[in-house]
Structures are given as C-alpha cells and as structure tokens.
C-alpha cells in the first residue's frame, strides 16, 4: 500500500427535504451569491426550497453557467462578486456549476489574472478562497465532496483542471428527490461518469490495497445494479439515493488513497469534449476501452480482478480475463445507452488523434499511472477508439 | 435509505515513516501533553520518533493510562494539564489512550464536575475541547478517526460513553510498522473489535442502502482475508496496512450513514468487561452470536445477506441461511483464537445476566435498532452466551 494523506472536511447533509437545513449552516452575516446553470432549478422546485432556506440572508444570484463551465461566463460572475461584496457562494447545480463556483471562490481572492489559477496552476490552500456550499441537483462528478474543478475557455479551446485543500465545500446538501426531474440521458451520463471515476483510480496495478479495491468494486457493482432501475423504471427514492451516494463516493478521495491513479482517460476525454462538444461522461466511455486494451500488459492483473469479481469471469488466462473484462465494460456502457466509439458521435473524427498528440506534446504531458504514456501512445489510443 | 449527516474532518497521515510529519501539523506555539499507556512506546521506537517530530515544542508527558481508560487515572492527567497550562494533547497509543485523551480534551475546558460529561452526558461541540492529535499504536477501535469515547470508573464499576463533533482528532498518524511489535493476542482482539463494529452497523434490517452494505461487507471480507496472515505469518507491511485501515474505516462514521445501527452487543459487552475484566473485543464475540440468534426474526434478512455474500451460503431458507451465517461468524472468531462462550473465560458467570438486567433496568435502557430490547431480553441473551 502506498503512503497517503486523507482529509475531507465537507459536511454532507443527505436526504429528502434536507435543503432547509442550509439555514443552520450558512452564517447569518454573509452576503451570498447563489450560482446556477440553465434555470431548471426554477421549474423543479429546488430554487424555492433554497430561497426559503436562505430567508433573512442578503442574497444575489447568477444563473447561466453552462455545462463545461466557461471561463468567459465565470468572469461575469466574478464581476458580480466584486461589485456586490459577496463573501459566501452557494452553488445550486451539478458538477459544472459547482466546479465554476470553486474557481470563483479562488478567483475572488486572487490578485492577478484569474486565468493564472488554472494555467500555472495555483494550488488553493485554506484561507485562499471564499467559503462556499452546494446543493447538488445532478449527481455525477463528485465535485460536491472534493476540492478539484475543471474549467473550459472557449476562446482558446482549453479545458484545464486545478484545486487544493482550500476548495472543499463547507456543506453539500444531497437530496435524492432532485433526481426525479433529471432527463434519462443525463442520468446515464452520471452513471458513466461515476463509473469512469472509479476506473481511473482502480485500473492500474495491484498494491495490496485490498480494502480500497473492494470499496471501488462496491461502487461499480452498485452502479451496475441500479443502472437499469434508474433508466427503465419509475423514480424510486432509494435507488436514486444509492445513485447519488455512489457518485459522491466515487470521487471524494477515499478510494484513491494508498493506490496509484491513472486519469489518462480524462485527459484524452477532455480533448474530445473540446473538439466535438461530446458530453464529458461519454468521452470517457469512448476512450476507456481502447486505453485499457492499449495498456493491457501493465493493467492485466487489475483488469482480470475486475472481470472476476465484478463480472464473475473465472475461466481463461489472465490476459483472456482482462480482455473479457473490457468487453463487459463496453457492454455495460451500451446497456445504459452510451456508444463507445467516436465515429458513433461524429463523422469528422479524422485528424482528431493527431491534434490531441500535438496538444499533449506541446504540454509535455506523459500520462498514465507510470507517467510513461507518450503523446504518440495517446494518438494510437484515440485512433483505436474511432 | 435513511437521511443522514456526515462530517469527518480528521486528517489521516498513513504510511511508513510518517510520524515525522507531525512536525508540520502541530502549531509551534502550543504546550503539548503527550499521553500514553503502559510504556511499550518506549521500547518499540515510537516514543523516539514522536519526540523527534515534536522537536522545538514545549512538551510534557503523562504515561500509565490503562486499558479501559480509568476515570481516576485520567483525573491525575487533568491535574497536569491545568498545572502546566497545556493547550494541545497528543495521544500516542491505542483506543484506550485516545479515548482517555478525548475525555481530557473535553474535561480541560469543562467547568464543573468532569464526571458530568459522561453521566449527563455532555455533547461536545467545536470549541468545547482542547485540540488534539493521535499516533495510533494499536489498530482496533477506530477512535483515531471518530469523535466518540468510552471511560470506566473503577470506584462505581461504571463504563460510559460520550462524544460530539468537537472531539475529532485534528491529525492521526497511522504507520502500519507499529503493528510489528503488537502481541498476537492483541491483534486478534483488534480484528474482533473492528469486525464487531461493522456488525453493529450492518446486522439490523434492510434499508436499500446498497453501497453502505457493500462497504461493510468489504471491511469484513478484508478482515477475514488478512486474519490468518496477521496471526500465523511473519509481519507483512501491506497486510498490516490493510488491518490498520480496516479498523479505522469500521468506525469512522461512513458505514453507518443512511442505515439503522444496533450497538446492543457493545452495551452488554461493556458489562462483561466491568464484571469480569474480559478484554473488550472478546466480550463482543461472546455476546454477538446469542444476540443475533435471539433477534433472528428481525435480523434474518441481513443475516442471510451476510451468509450469502460473505460466506457463499446460497442453499436453504432465509432462516437457515441466517443461522448458518451465525455459525460461520462463530467459526471466524474461533479461528482467530477467540472463544465465544462466557464460561470459557470465567467459572463465576452465574448471576451475571441478572446483574446486567438490573443495571439496564435502573438506566431505563431499551436496546437494539428498534429500541425494543428490554432488560429482560438482555438477561436472556446473556444467559444464552454462558
């Protein structure tokens, strides 16, 4: 097991009707900016619940933060924060709104060009950001209980990530009832996103971290179990609750402790979103199978363990089990309506791999758990996923 | 799934050689009291590592905190805290030392008779206790990452528990190397203790909390897997690391969220320790099988799930699987050298059940996840375990 540090101070308030509890959590003397996305919170009742919970506080609001939160839009919110002397942020949304809020929490206290925070990047320690909380409306990214975020810049086509221990939400309210109004396509994306998060922290090489492995497998098994219920049946509160908690636990830091992590699938996936606007979760399902096939030699022990424990595949050599595990993974993504080939999303895929190779070469990026995956390897992986 | 709140701000520093990192974690301007137990830390090298990490700080020390930390001894430590103006505590030990330290952290700031903190009990919120950290030397209780504690009072034979969100350790250092010098009997106790902690949070009734169930099963499976290696083989760092992390995760709050919890086994077990001085973990192994048999009607779904998932028992009715699960549990305790009948520990057991019945009746205690288990039920359970 590798040495590790773990600290996650976010307070989770989980359950039906719990948004009201924000009233006890946010200090009475702050000026709050409520941040949200496309405005669905104004039709599904969440907005009213938040306003009711904040009664008596000075509040402003800023809506319109898009999926893949855009730097240009966030700069508008930053103006509001400065003009209105905002000193507390409340994200009401999914990963995009929460990620954007984290960037704003840091940017509000940063002297200098805000883009530096992402470009350098600047690690944000405690006291270097405004305090903020979240009301999660779209389970997927885990951003509600971690300190990382990803921001896109339309002008340059960049999608960069940053973070730091000063960017944990103070409180995150997780009410599974919000899942009731989420379109099935977004639920499928959330399942794929959380599942891929686990894969990035699991599909590396064995380090005898038995408990962490079993926790990761627990999340994947639960996601597989709830997926057909979430997508094919009427809303069920308990099923939605498991979905929500799986998404949070998949990326709150716990399962990565003591084990190597990969994240190459995310690095490549981000480029597919930047180039083609494909939903983040879907880009991960496109890249993952090719990534694991390309790296089968170094990942075969964990791939075979995955095949055995998650899918009950006990026959065959380690390599054969590993390949069968990848096939099962593809079948799972297909079962939730997510195609795993780039050509199923766009006809303009030619040249995409070369562009990603060039970008990663410019950034001097070496990827994977060994940091040995070159830009040329990346090109091959992306081509395998066409 | 039940509504829940979860916040655990303790920073875990895990791994070989990490005690030195305390140097960056404890503020430079505090007066530290180092608390420890029987003095084994002075022979196994941990004491030197701690002193080295605290170089430059003002330190005092207090040794001799016994297993089942005694109120009378702790009052002596409280005197030192007050006389020396101590404002930071460092527990270097197992659950007893850490529990004692938590009580002292609260007692140091409590005005009035310190026993009230346990007797009322007084819930300790943030700011109501001295800050403290821990260096874990004996994995078992999980006290290093939770905010509860248990104190015994020799004079009255009482063993009471208390806690509150102000009693999380700031930092806990978990170096699996400490396991190297722990006697096998104590390791067996640690395994039984952690296993029993999971049982108390798992063996209730189903609430569709699929992920929590799987996390609990992950801990029990890992404990079962490492137990023979821990007890029959030479020290192995990775195996010790899994043991240590299992003990922490078994009682850091995570697996109890969204599910009912029982804790009747602990309530009864505490009385066996108070009456006969039997090791805490062993009292749990004595009571658990009888408790589950007595309550098989209300616990049979989870018992059967345990039998199926943990022990692969798929044949028979739900009741039959439940009973087989209990038998497997007993066999597991026996396999780590822990007898499961009170008469294997003492010949003076007659009348013990009646005394516990009387004590619980005086306290008006109703136990179990439904709070329906009467003192008379408790008497029967204890008699079943003779």
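Residue numbers (my numbering), protein chains in the order written: chain W, 2 to 387; chain C, 2 to 387.
Beta carbons are placed, not taken as given, at the ideal position from N, Cα and C, and that holds for glycine.
Residue 356(C) carries a helical assignment under DSSP once its states are collapsed to helix, strand and coil. Going by C-alpha positions, residue 13(C) is about 19 Å away from residue 251(W). Counting along the chain, residue 10(W) sits inside the beta strand (DSSP E) bounded by residues 5–15.
In the same chain as residue 315(C), and ignoring 5 residues on each side of it, the C-beta atoms closer than 7 Å to its own belong to 309, in chain order. Under the three-state reduction of DSSP output, residue 142(W) falls in the coil class, being neither helix nor strand.
Pairing residue 307(C) with residue 342(C), the inter-Cα distance amounts to about 22 Å. Secondary structure note for residue 196(C): its alpha helix (DSSP H) is the uninterrupted segment 185–203. Looking at the DSSP output, residue 152(C) sits in a beta bridge with 161(C). Around residue 119(C), no beta-carbon contact reaches into chain W at under 7 Å, the shortest distance being about 26 Å. Residues of chain C whose Cβ lies closer than 7 Å to the Cβ of residue 212(W) are, in chain order, 219, 220, 223, 243, 246, 247, 250. Excluding residues up to 5 positions away in sequence, 155 lie with their Cβ nearer than 6 Å to the Cβ of residue 73(C) in the same chain.
DSSP places residue 77(C) within a helical segment (H, G or I) once states are collapsed to three. Relative to residue 103(W), the option among 113(W), 71(W), 84(W) whose CA is nearest is 71(W). Among the residues facing chain C, residue 236(W) is not included, as its CB has no counterpart in that chain under 8 Å away. Looking only at 357(W), 363(W), 282(W), 331(W), the smallest Cα-Cα distance to residue 294(W) is reached by 331(W).
Within the same chain, and ignoring the five residues on either side of residue 257(W) in sequence, the residues whose Cβ sits closer than 6 Å to its Cβ are 202. With a threshold of 16 other beta carbon atoms within 10 Å, residue 281(C) meets it and is buried.
Contact check for residue 2(C) against residue 242(W) passes: the beta carbons are separated by less than 8 Å. Residues of the segment 20–34 of chain C whose Cβ lies closer than 9 Å to any Cβ of chain W, in chain order: 22.
Taking C-alpha positions only, residue 373(C) is separated from residue 260(C) by approximately 17 Å. Within the DSSP bridge table, the entry for residue 62(C) names 35(C) as partners.
Between the segment 120–129 of chain W and the segment 78–90 of chain W, the count of C-beta pairs closer than 8 Å stays below three; the two stretches do not touch. About 23 Å separates the Cβ atoms of residue 52(W) and residue 75(W), ruling out a contact at the 8 Å cut-off.
Counting C-beta pairs with one atom in each stretch, the segment 195–214 of chain W and the segment 188–195 of chain C have fewer than three that are closer than 8 Å, which means they do not touch.
Spanning the alpha carbons of residue 10(C) and residue 166(C) requires a straight line of approximately 9 Å.
In the same chain as residue 386(C), and ignoring 5 residues on each side of it, the C-beta atoms closer than 6 Å to its own belong to 287, 288, 291, 343, in chain order. Nearest CB-CB separation between residue 318(W) and chain C: not below the 8 Å threshold.
Secondary structure remark: continuous alpha helix (DSSP H) runs of at least 4 residues inside the segment 274–355 of chain C, in chain order: 281–295, 297–312, 319–336.
Sorting 254(W), 204(W), 135(W) by C-alpha distance to the C-alpha of residue 176(W) places 135(W) at the top.
Within the same chain, 139 come within 7 Å of residue 183(C) by CB-CB distance, once the 5 residues on both sides are set aside.
Measuring C-alpha to C-alpha distances from residue 148(W) to each of 33(W), 318(W), 37(W), 253(W) identifies 253(W) as the nearest. Judged by pairs of C-beta atoms under 8 Å, the segment 211–222 of chain W touches the segment 210–220 of chain C, as three or more such pairs exist. The criterion of a C-beta distance shorter than 8 Å is not satisfied by residue 205(C) and residue 322(C). Using a Cβ-Cβ cut-off of 7 Å, residue 215(C) is close to 219, 222, 223 of chain W, given in chain order. Using a Cβ distance threshold of 8 Å, residue 384(W) and residue 354(W) count as a contacting pair. When the Cα atoms are used, residue 273(W) and residue 326(C) turn out to be separated by approximately 50 Å.
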